[in-house]
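K.L.:
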Amino acid sequence: MEFNYEVEGGNFAKAGNAASSVKKVLKQLNVDPKVIKRVVVALYEGEVNVVAHAYKGNIMVDIDTARIFIRIQDEGPGIPDIDLAMTVGYSTASAMVREMGFGAGMGLPNMKRNADSLKLSSKVGEGTIVELTTNLSK
Ligand SMILES: Nc1ncnc2c1ncn2[C@@H]1O[C@H](COP(=O)(O)OP(=O)(O)O)[C@@H](O)[C@H]1O
Ligand SMILES: [Mg+2]
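Read in order, the letters of the sequence shown correspond to residues 279 to 416 in the numbering used here.
#1: Does DSSP put Tyr322 in a helix, a strand or coil?
#2: So with Cβ pairs under 9 Å, would you call Asn289 a contact of chain C?
#3: For the alpha helix (DSSP H) that Asn336 lies in, which residues bound it at each end?
#4: For the stretch 338–352 against the stretch 406–413, are there 3 or more C-beta pairs whose distance is under 8 Å?
#5: Excluding sequence positions up to five away, which residues of its chain have a Cβ less than 7 Å from the Cβ of Phe290?
#6: Starting from the C-beta of Glu323, find all residues in its chain whose C-beta is less than 6 Å away, skip the five residues before and the five after it, and write them out in chain order.
#7: Is it buried or exposed, Ala344, if we count other Cβ atoms within 10 angstroms and call 16 or more buried?
#8: For a quick check, are the C-beta atoms of Gly405 and Gly367 less than 9 Å apart?
#9: Can you give the Cα-Cα distance for Lys292 and Asn392, rounded to whole angstroms?
#10: Got a list of residues with beta-carbon closer than 5 Å to any non-hydrogen atom of ligand 2, in chain order?
#11: In whole angstroms, what is the alpha-carbon distance linking Leu304 and Asp340?
#12: Looking only at its chain, what residues have a beta carbon closer than 7 Å to the beta carbon of Ala363, apart from the 5 residues adjacent to it on each side?
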């Protein structure tokens, strides 16, 4: 089954809405709570990245019996150096974003740690695509 969410850049009040909706769905499907936690943490970080760094985006979540696949696609500035962006503590978040408690530079490292596979692709001036896969059959 497939779920889609729209994400508004800059709207921190709504950041996390997709993650909490997916959490409910996975609970209803009786997915292992440890797996749910990993998926929700990774998705939340990806969702916040669209809000903090991009103009708008959409999230597609596809669940089958073997895995949960998430694609987070945004229109935004893109990421010029993906290896640098993946570095713990690296952040270009604005002072305002930091004051709100975001921008610790832990999002991408957390996503990598919590997903079984993470694929990042980006075009500067266009946007970013993050693909996360979490296996269910373990
Ligand atoms: N969707 C995105 N669009 C543009 N830049 C991004 C995006 N996601 C991450 N980045 C870049 O990668 C950096 C590191 O991301 P992350 O580890 O989540 O830390 P943080 O969001 O706290 O800055 C960000 O500061 C930003 O420069
Ligand atoms: Mg982040």
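Each residue gets a CB set at the ideal place from its N, CA and C atoms; glycine is no exception. Values in this document were obtained by computation on a predicted structure and should not be read as measured data.
P.N.:
The short version:
#1: Position 44 of the sequence shown, counted from the first residue, corresponds to residue 322. Helix at Tyr322.
#2: No chain C appears in the structure shown, which is made up of a single protein chain.
#3: Against the sequence shown, residue 336 aligns to sequence position 58. Run containing Asn336: none in the alpha helix (DSSP H); it sits in the beta strand (DSSP E), Lys334 to Ile341.
#4: yes
#5: For this step, residue 290 is matched to residue 12 along the sequence shown. Cβ neighbours of Phe290 beyond the five flanking positions: Val329 and Met378.
#6: Taking the sequence shown and counting its residues from 1, the one referred to as residue 323 is at position 45. Contacts found: Gly385, Asn388 and Met389.
#7: As a first step, residue 344 must be located in the sequence shown, where it is residue number 66. So Ala344 ends up on the exposed side.
#8: Within the sequence shown, numbered from 1, the residue matching residue 405 stands at position 127. Within the sequence shown, numbered from 1, the residue matching residue 367 stands at position 89. Against a cut-off of 9 Å, the Cβ pair of Gly367 and Gly405 comes out as no contact.
#9: Walking along the sequence shown from the start, residue 292 turns up at place 14. Walking along the sequence shown from the start, residue 392 turns up at place 114. Taking the straight line from one Cα to the other gives about 22 Å.
#10: Asn327 and Gly385
#11: To locate residue 304, count along the sequence shown from 1; it is residue 26. To locate residue 340, count along the sequence shown from 1; it is residue 62. C-alpha separation (whole angstroms): 11 Å.
#12: Taking the sequence shown and counting its residues from 1, one reaches residue 363 at position 85. The answer, listed in chain order, is Ile357 and Leu386.
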